[in-house]
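A short write-up of the structure that comes next.
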Amino acid sequence: MSRRRGNAYNVPVKDSVFQLRPGMTRMLSIVEITSQRNKPMSGQDPKWQKDAADQNFDYMFKLLIIGNSSVGKTSFLFRYADDSFTSAFVSTVGIDFKVKTVFRHDKRVKLQIWDTAGQERYRTITTAYYRGAMGFILMYDITNEESFNSVQDWVTQIKTYSWDNAQVILVGNKCDMEEERVISSERGRQLADHLGVRFFETSAKENINVKAVFEQLVDIICDKMSESLDNDPTLVAGGMAQNKGQRLTDQPTNPTNANCNC
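Under the numbering used here, the residues of the sequence shown are numbered 2 to 263, in order.
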């Protein structure tokens, strides 16, 4: 697959969260049908429906939580979005998402946070959502060596299917399970340094560093976006930084980017 070029905030997008390749339609329908049996996040919560329909925001960031199966991605998302935790979750089927609106740097930022299945058999579906993602939370389980060893594979997936400057935070989850720990904090920190990303250890169960991870990721994206606007002032003139409700993954009305390989 060819890499996308240019500024990630200014490249026309064919396959955003709202526009999917026709070839994916059938697979996504299967995921939606199966998810109904597992009580999807989005179908039961009136507050979620209200947040999803709310168009009063300055920016919308698409974020993905990725990592091996059973590292705690769904619990992590529920803790952040709903401040709830249950150990009764089954493995995510395909992909699902939640919406949360936050205020950062005097801006109202709508986060569309996608929870992906970690199993290999769903990889074709989940990687289709990488395009247009502004940030990734790459998670491993501190009690599971295999999940830690798989981090590099997930990094390769990000480099292959996402924007060149998508931001990544490495998260070692389940730090409350200290007696079962097999991955030291130092190993996690060294890997993050090697990859050039930020690092946190978290616990969805005990609500440790969950909010901090999302806040840090949003701040990094905002900083990179500001740098992008500084380097290309025409983006401001074009209204990107000013228009209320601007989605950073929106397809421009009249795309003219000759470098787009979408």
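All C-beta atoms, glycine included, are put in the ideal place defined by N, C-alpha and C.
Measure the alpha-carbon distance for residue i versus residue j and round it to whole angstroms.
| i | j | result |
| --- | --- | --- |
| F149 | G73 | 13 Å |
| Q153 | Y141 | 11 Å |
| L192 | V169 | 13 Å |
| Y131 | V198 | 18 Å |
| W164 | Q158 | 11 Å |
| F58 | N208 | 27 Å |
| R190 | K108 | 31 Å |
| S85 | S76 | 8 Å |
| M226 | S151 | 30 Å |
| D194 | V183 | 19 Å |
Under a Cβ-count criterion, where at least 16 other Cβ atoms within 10 Å of its own Cβ denotes burial, should residue i be classed as buried or exposed?
| i | result |
| --- | --- |
| V211 | buried |
| N174 | buried |
| R80 | buried |
| T87 | exposed |
Less than 8 Å between the CB atoms is what I'm expecting for residue i and residue j, so what's the real figure, rounded?
| i | j | result |
| --- | --- | --- |
| L290 | M135 | The requested residue 290 is not part of the displayed model; the chain covers only 2 to 263. |
| V156 | V214 | Wrong, their Cβ atoms sit about 17 Å apart, outside the cutoff. |
| L78 | I66 | 6 Å |
Alpha carbons only, please: which of the options is nearest the one belonging to residue i?
| i | options | result |
| --- | --- | --- |
| A205 | D177, E187, R132 | D177 |
| D220 | E146, A167, E180, S163 | A167 |
| T144 | S185, F201, D83 | S185 |
| E146 | S88, Q56, T161, E181 | E181 |
| E179 | T203, D194, L196, T161 | T203 |
| T161 | S85, G133, H195, V183 | G133 |
I'd like the list of long-range same chain contacts for residue i, defined as Cβ closer than 8 Å, with 5 residues on each side in sequence excluded.
| i | result |
| --- | --- |
| I222 | F62, M135, G136, Q168 |
| L139 | I67, G68, V152, W155, V156, I159, V169, I170, L171, V172, V198 |
Which same chain residues end up closer than 7 Å to residue i when comparing Cβ atoms and leaving out the 5 residues on each side of it in sequence?
| i | result |
| --- | --- |
| H106 | C223 |
| F201 | I170, V172, N210, A213, V214 |
| Q217 | I170, R199 |
| L196 | V156, L171 |
Apart from the five residues on each side of it in sequence, which residues of its chain come closer than 6 Å, Cβ to Cβ, to residue i?
| i | result |
| --- | --- |
| F104 | none |
| A82 | K99, K101 |
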